[in-house]
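Single-structure report; data block below.
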Amino acid sequence: KTLEAVGAIIEADLRGPIVVAAPATAVVSTWPDEFDAWVPGEEYAVCEGDKEWRQKVLHDFWIWAKARPEERSWLFINLEMLQNDRPPVRKRKPKAMSDEDWAAVADEYEAEWEASMEEWDAEKRRHPELFDRMWSAVIIDESQRVLPAKSSLTKDQSQQRSGAQNLLVRPNGMKLALTGTPFRGNPLNHWGTLNWLWPQQWSGYWNYVDRWFNVTEDESGYGKVIESIRPEVERDYGTELDVTMIRRTK
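Going by our numbering, 143 is the number at position 97 of the sequence shown; the sequence numbering is gapless.
Below, the structure is given as structure tokens:
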């Protein structure tokens, strides 16, 4: 999958900044090892470490990429970097501290936490530099962990899913979702991937559900129970979705 994705981008002659969001172990081993072995001429940066170091890597990456617009500049990031900034941590009484000692500092700690919460922005991304510039290509590795969703609205998605949706891709750019299990045991999960790749074509979750699946009301008469793909459209379902997937060859 890694090599086919890299080959597709090279064959498309895409240049400029390219981001790969992958699990932590793949960021530091799989992707660098594959590049070093198969495409040693391609240059990349690995974004790892604590938050401060990652921010420095991102800052330096954009300077580097801007200086070589006619080359491909690859950036490997952990999937968690797509998330929002974490809220301030509320301090709690250590087990080893006596109640008397804790009472002496508890109000001060609580005041500090409340002040931090007032400044904290729930919509602020943990690494905003990923989201305020255009990418030539975006690759989500192990996408079955990130892309499943039941809505195209970011407020109804996981933080990583909404982060993937908010990455900006140039009009002539490319998005790739890499996975060995696109359904993750449930064909409904595939809509999230399709929506991320082609949001205009696959815009509505319930349009997708109503078209392909048996849907019934629940006992209350209000909700919907999704049972299975309708037998009469199962072949058409496979045919239509087959063109969206690149099969791995051995």
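Glycine included, every Cβ here is placed at the ideal spot set by N, Cα and C.
Keep in mind the model is a prediction, meaning the values are calculated, not measured.
{"Asked": "For Asp121, does the three-state DSSP call read helix, strand or coil?", "Found": "Correcting the residue type first, residue 121 is Leu in the shown sequence and not Asp. If DSSP states are grouped into helix, strand and coil, Leu121 belongs with the strands."}
{"Asked": "Less than 9 angstroms between the C-beta atoms of Leu224 and Asp187, yes or no?", "Found": "yes"}
{"Asked": "With burial defined as no fewer than 16 other Cβ atoms inside 10 Å of the residue's Cβ, what is the status of Phe177: buried or exposed?", "Found": "exposed"}
{"Asked": "In the DSSP assignment, find the alpha helix (DSSP H) that holds Glu80 and state where it starts and stops.", "Found": "77-84"}
{"Asked": "So, with DSSP's three-state summary, where would you put Asn232?", "Found": "coil"}
{"Asked": "For the beta strand (DSSP E) that Ser204 lies in, which residues bound it at each end?", "Found": "Segment: none, Ser204 is in no beta strand (DSSP E) and carries neither H nor E."}
{"Asked": "Is the number of C-beta pairs between the stretch 76-85 and the stretch 195-208 that are closer than 8 angstroms three or more?", "Found": "no"}
{"Asked": "Alpha helix (DSSP H) containing Arg138: first to last residue?", "Found": "Careful: Arg138 lies outside any alpha helix (DSSP H) and carries neither H nor E."}
{"Asked": "Hey, how far is the Cα of Ala111 from the Cα of Lys97?", "Found": "21 angstroms"}
{"Asked": "By how many angstroms is the C-alpha of Phe107 removed from the C-alpha of Asp288?", "Found": "36 angstroms"}
{"Asked": "Figure out for me which residue from Glu265, Asp264, Trp258, Thr262 has the closest Cα to the Cα of Thr285.", "Found": "Trp258"}
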